[in-house]
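S.K.: One structure coming up, written as structure tokens, with questions to follow.
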Amino acid sequence: MSGERLHHEVLIAGFGGQGVVLAGQLLANAALAEGREVVWAPSYGPEMRGGPVHCTIIVASQRIGSPEVSLADSLLIMDQASLDRLAHRVKPEGLFVLNSSLVRARPENDTCEMLSIPANDVAEELGNLRVANVIMLGAFLEKRPIVSPESVENAMRLLAGKGYEHLIAINQQALARGAELAREADADGS
Amino acid sequence: MAIRRGERILMRGNEAIAQAALDAGCRAYFGYPITPQNQIPEYFAAHMPEVGGVFIQAESEVAAINMVYGAAAAGVRAMTTSSSPGISLKQEGLSYMAESELPCVVVNIMRGGSGLGNIAPAQADYFQAVKGGGHGDYRTLVFAGWSVQELYDLTRDSFDIADRYRNPVMVLGDALLGQMMEPIILPQDVIDPDDLPPKPWATNGAKGRPRNIINSLYIDPADLEQVNLRLQARYDEAARREVRYAGEHLEGARLALIAYGTAARVSISAVEEGRAAGLPVGLFRPISLYPFPSREIAALAEQVEAILVVELSLGQLVEDVRLAVEGRCPVHLYGLSGGIVPTPAEVLQKIEPLMAETRA
Chain X
1 MSGERLHHEV LIAGFGGQGV VLAGQLLANA ALAEGREVVW APSYGPEMRG GPVHCTIIVA
61 SQRIGSPEVS LADSLLIMDQ ASLDRLAHRV KPEGLFVLNS SLVRARPEND TCEMLSIPAN
121 DVAEELGNLR VANVIMLGAF LEKRPIVSPE SVENAMRLLA GKGYEHLIAI NQQALARGAE
181 LAREADADGS
Chain A
191 MAIRRGERIL MRGNEAIAQA ALDAGCRAYF GYPITPQNQI PEYFAAHMPE VGGVFIQAES
251 EVAAINMVYG AAAAGVRAMT TSSSPGISLK QEGLSYMAES ELPCVVVNIM RGGSGLGNIA
311 PAQADYFQAV KGGGHGDYRT LVFAGWSVQE LYDLTRDSFD IADRYRNPVM VLGDALLGQM
371 MEPIILPQDV IDPDDLPPKP WATNGAKGRP RNIINSLYID PADLEQVNLR LQARYDEAAR
431 REVRYAGEHL EGARLALIAY GTAARVSISA VEEGRAAGLP VGLFRPISLY PFPSREIAAL
491 AEQVEAILVV ELSLGQLVED VRLAVEGRCP VHLYGLSGGI VPTPAEVLQK IEPLMAETRA
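Residue numbers (our numbering), protein chains in the order written: chain X, 1 to 190; chain A, 191 to 550.
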């Protein structure tokens with residue numbers, strides 16, 4: 001963490017059950033622990049189980065004015081429907097992190113950076129499909145280190161609560177694996 | 191309850207409001223579910239029993255406000271919360287409580303209206319909140335926060351203010367402020383309801399003293415007039431003592447934005463972008479909406495060349511601003527409705543042509 005001015009707006013989207021809200025809360029809590037200003041906001045509508053869901057997180061070094069994210073600096077997209085719905089909600093020089101296990105078509109966008117991570121497949125390799133969200137988060141933070149992985153791990157402990165401590169280890173693995181995949185993707189130039 | 195105090199934690203606006211009430215010694219909550227404020231009753235359902243208080247999910251909004259009426263009459267700190275359509279249903283009870291000189295705190299997490307409207311952020315209940323809302327010659331004192339921390343602080347203070355003026359106090363938030371999480375520091379000190387000043391007027395058992403009567407029926411006009419003049423005297427006192435506001439970048443400003451709540455959050459982003467581009471623009475933010483900071487806005491109107499009101503309604507706040515300004519400078523409106531929140535860039539687009547006018 002340097003004294004540089006930071007203001008980064010993130011939008012995470014998927015369908016209910018993919019851990020979109022939790023991934024956002026991990027990021028928000030990590031930012032809080034690092035002394036950042038932060039706003040986390042959920043998409044809010046007549047929601048249904050398994051239906052579309054997204055949340056936004058603003059991480060900043062200065063006071064945050066508008067809590068609404070209209071165009072995000074980074075979009076983490078968990079499935080094709082979310083990409084179709086929200087691909088326009090990104091700044092011109094923004095970053096897409098795409099879950100290529102469930103996103104078939106790349107967005108038509110010439111100015112943004114694209115990072116494709118087969119998060120579902122890798123999560124299954126790790127032994128739990130439900131850590132796909134944290135793989136995506138790990139990949140994103142490798143590209144845009146707005147918080148440290150250690151802070152995210154601390155946030156996992158904070159949010160896991162009683163009875164879920166056994167899930168922390170696999171989530172730590174998922175976070176590291178996501179970062180690794182992002183580095184490999186960079187090396188491939190993809 | 192393993193809640194950390196004295197350090198930054200993340201909390202939703204709705205949760206912070208409920209915690210503020212508990213910390214203020216509120217031991218009676220009555221509500222009926224409505225989106226987007228359901229985390230408030232949910233929080234009370236979990237935590238009110240821990241402090242030995244009463245949580246009831248009532249059968250309707252009307253029942254809930256009348257339970258508040260009863261609890262307040264018995265002298266305990268009582269609260270209800272809802273969102274726009276539900277607040278409409280509570281207006282009869284608020285009118286009765288005001289005439290009965292009973293304190294309570296009501297929170298309205300506003301959503302798009304009118305009618306059932308939608309569940310997006312809005313500020314269209316401004317008139318209802320600040321002009322009385324129900325029938326009769328009364329007002330509710332109204333405060334509006336713009337952050338999770340401020341919603342906590344205002345909700346907590348509102349219990350003191352309600353007791354001081356023996357009048358309902360309303361706190362306004364909106365769907366965004368209620369749902370979002372932000373850093374907040376909960377103070378270490380909390381109020382023990384047993385330490386609160388006694389309420390000698392309360393109907394809490396007349397053993398050893400003359401009975402108290404809580405009533406809003408005064409058949410003789412001379413009697414009713416006396417009560418209403420007493421209420422008015424309290425509102426006059428509140429106008430002297432309870433006005434709250436904040437200003438930013440107003441030094442040397444030629445254009446002042448006036449906004450509260452979420453609209454003020456968007457506006458400060460626009461103001462800061464404008465300042466960075468060299469535009470002499472500032473923000474005045476009313477925090478108490480009734481009593482309204484009329485004198486301060488009149489003074490501001492002497493200092494700036496124009497005012498732009500930004501509100502998530504189609505011309506409500508702007509009326510009180512124009513009453514305060516009394517023609518001293520032009521007052522423009524950027525109003526949005528239906529649950530639409532503007533971007534800072536959109537507000538800036540309204541600022542720029544007005545700046546050009548002031549230079550001319």
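Glycine included, every Cβ here is placed at the ideal spot set by N, Cα and C.
If you're wondering where the values come from, they're calculated on a predicted model, not measured in any experiment.
1. Just verifying my parser: in three-state terms, what is the DSSP assignment at G464(A)?
2. What number of angstroms, rounded off, separates the C-alpha of A268(A) from the C-alpha of P358(A)?
3. Could you run through the region 518-548 of chain A and flag, in chain order, every residue whose CB is less than 7 Å away from some CB of chain X?
4. Measure from the C-beta of R85(X) to each C-beta in chain A and report whether the shortest distance is under 8 Å.
5. Pull the bridge partners of S478(A) from the DSSP assignment, please.
6. Could you pull the start and end residues of the alpha helix (DSSP H) that R424(A) belongs to?
7. Just checking: is the beta-carbon of E372(A) within a distance shorter than 8 Å of some beta-carbon in chain X?
8. By the 7 Å beta-carbon criterion, what residues does the region 474-496 of chain A contribute toward chain X?
9. Taking only beta-carbon positions, decide if R465(A) is within less than 8 Å of chain X.
10. Give every residue of the same chain whose Cβ lies closer than 7 Å to the Cβ of I200(X), excluding the five residues on either side of it in the sequence, and list them in chain order.
11. Of all the residues that make up the region 159-179 of chain X, which are near chain A by a beta-carbon distance shorter than 8 Å?
12. Give the single residue among A412(A), R346(A), P532(A) whose Cα lies nearest to the Cα of R455(A).
13. Roughly how many whole angstroms lie between the Cα atoms of A176(X) and L292(A)?
14. Looking only at DSSP bridge pairs, what is P52(X) linked to?
15. Locate the beta strand (DSSP E) running through D73(X), then write down its first and last residues.
16. Would you mind working out which of V295(A), C294(A), P311(A) sits nearest R301(A), comparing C-alpha positions?
17. Mapping DSSP to helix, strand and coil, what is E93(X)?
18. Does DSSP put Y316(A) in a helix, in a strand, or in coil?
19. Going along chain A in order, which residues have a C-beta closer than 8 Å to the C-beta of N154(X)?
20. With 8 Å as the threshold, decide whether the Cβ of R455(A) is near any Cβ in chain X.
21. Counting along the chain, where does the beta strand (DSSP E) carrying R198(A) start and finish?
22. I'd like the list of long-range same chain contacts for C294(A), defined as Cβ closer than 7 Å, with 5 residues on each side in sequence excluded.
23. Enumerate in chain order the residues of its own chain whose CB-to-CB distance from M1(X) is below 7 Å, with the five nearest sequence positions on each side excluded.
24. To the nearest angstrom, how far is it from the Cα of F234(A) to the Cα of T345(A)?
25. With DSSP run on the structure shown, which of helix, strand or coil describes G398(A)?
26. Can you tell me where the beta strand (DSSP E) with M300(A) in it begins and where it stops?
27. Look at the Cβ atom of G65(X), then the Cβ atom of P534(A), and state whether they are nearer than 8 Å.
28. So who's on the other strand from S116(X), going by DSSP bridges?
29. Using the Cβ count rule (16 or more neighbours within 10 Å means buried), how would you classify A428(A)?
30. Following the continuous beta strand (DSSP E) through Q227(A), name the residue where it begins and the one where it ends.
31. Can you pull the chain A neighbours of V59(X), defined as C-beta to C-beta under 9 Å?
32. Which residues in chain X have a C-beta closer than 9 Å to the C-beta of A314(A)? List them in chain order.
33. Pull up the distance between the alpha-carbon of D84(X) and that of V131(X), whole angstroms please.
34. Are L469(A) and L502(A) touching if we call contact CB-CB under 8 Å?
35. Select from the region 16-29 of chain X all residues with a C-beta closer than 7 Å to any C-beta belonging to chain A, and list them in chain order.
36. What is the rounded straight-line gap between the Cα of V515(A) and the Cα of L440(A)?
M.R.: Based on what the coordinates show:
1. In the second sequence, residue 464(A) corresponds to position 274, counting from 1. It is helical.
2. If you number the second sequence from 1, residue 268(A) lands on position 78. If you number the second sequence from 1, residue 358(A) lands on position 168. Whole-angstrom Cα-Cα distance: 10 Å.
3. V531, T533, P534
4. Taking the first residue of the first sequence as position 1, residue 85(X) is located at position 85. No, no contact with chain A.
5. For this step, residue 478(A) is matched to residue 288 along the second sequence. According to DSSP, which records beta bridges pairwise, S478(A) is partnered with F333(A).
6. Locating residue 424(A) in the second sequence gives position 234, counting from the first residue. First-last of the alpha helix (DSSP H) with R424(A): 411-431.
7. Numbered from its first residue, the second sequence carries residue 372(A) at position 182. It does; some Cβ of chain X falls within 8 Å.
8. none
9. Counted from its first residue, the second sequence places residue 465(A) at position 275. For R465(A), the answer is no, since every Cβ of chain X falls outside 8 Å of its Cβ.
10. What is shown of chain X runs 1 to 190, which leaves residue 200(X) out entirely.
11. none
12. Stepping through the second sequence from its first residue, residue 455(A) is reached at position 265. Here the closest residue by C-alpha is P532(A).
13. On the first sequence, position 176 is the one that residue 176(X) refers to. On the second sequence, position 102 is the one that residue 292(A) refers to. Their Cα atoms are separated by approximately 58 Å.
14. Here residue 52(X) refers to the residue found at position 52 when the first sequence is read from its first residue. Its beta-bridge partners are F15(X).
15. Indexing the first sequence from 1 puts residue 73(X) at position 73. Counting along the chain, the beta strand (DSSP E) containing D73(X) begins and ends at 72-77.
16. Residue numbering aside, residue 301(A) sits at position 111 when the second sequence is read from its first letter. Nearest option by C-alpha distance: P311(A).
17. Taking the first sequence and counting its residues from 1, the one referred to as residue 93(X) is at position 93. E93(X): strand per DSSP, three-state reduction.
18. Residue 316(A) sits at position 126 when you count from the first residue of the second sequence. Helix, per DSSP.
19. As a working note, residue 154(X) is residue 154 in the first sequence. Those within 8 Å of N154(X) in chain A number zero; the least Cβ separation is about 13 Å.
20. Here residue 455(A) is taken as the residue at index 265 of the second sequence, counted from 1. With 8 Å as the cut-off, R455(A) counts as an interface residue toward chain X.
21. Counting from 1 along the second sequence, the entry for residue 198(A) is found at position 8. 198-202 is the extent of the beta strand (DSSP E) around R198(A).
22. Your numbering for residue 294(A) matches position 104 in the second sequence. Hits under 7 Å: V258, A262, A268, M269, M287, A352, P358.
23. Along the first sequence, read from residue 1 onward, the residue named residue 1(X) stands at position 1. Here M1(X) scores only 47 on pLDDT, less than 50, and its place in the model is too uncertain to base an answer on.
24. As a first step, residue 234(A) is located in the second sequence; it is residue number 44 there, counting from the start. As a first step, residue 345(A) is located in the second sequence; it is residue number 155 there, counting from the start. Distance between the alpha carbons of F234(A) and T345(A): 14 Å.
25. One-based indexing of the second sequence puts residue 398(A) at position 208. Note: G398(A) maps to coil in three-state DSSP.
26. Here the question's residue 300(A) lines up with position 110 in the second sequence. 294-300 is the span of the beta strand (DSSP E), which, as asked, contains M300(A).
27. Indexing the first sequence from 1 puts residue 65(X) at position 65. Indexing the second sequence from 1 puts residue 534(A) at position 344. Contact flag set, yes.
28. By 1-based counting over the first sequence, the position of residue 116(X) is 116. Paired residue(s): L98(X).
29. As a working note, residue 428(A) is residue 238 in the second sequence. Buried, since its Cβ has 16 or more Cβ neighbours within 10 Å.
30. Here residue 227(A) refers to the residue found at position 37 of the second sequence. First-last for Q227(A): undefined, no H or E at that position.
31. Numbered from 1 along the first sequence, position 59 holds the residue referred to as residue 59(X). Those within 9 Å of V59(X) in chain A number zero; the least Cβ separation is about 11 Å.
32. One-based indexing of the second sequence puts residue 314(A) at position 124. Here the premise fails: no neighbours, minimum Cβ distance about 17 Å.
33. What you label residue 84(X) is simply residue 84 of the first sequence in a count that begins at 1. What you label residue 131(X) is simply residue 131 of the first sequence in a count that begins at 1. So the alpha carbons of these two residues sit roughly 23 Å apart.
34. The residue given as residue 469(A) occupies position 279 in the second sequence. The residue given as residue 502(A) occupies position 312 in the second sequence. Against a cut-off of 8 Å, the Cβ pair of L502(A) and L469(A) comes out as no contact.
35. A28, N29
36. Stepping through the second sequence from its first residue, residue 515(A) is reached at position 325. Stepping through the second sequence from its first residue, residue 440(A) is reached at position 250. Distance between the alpha carbons of V515(A) and L440(A): 16 Å.
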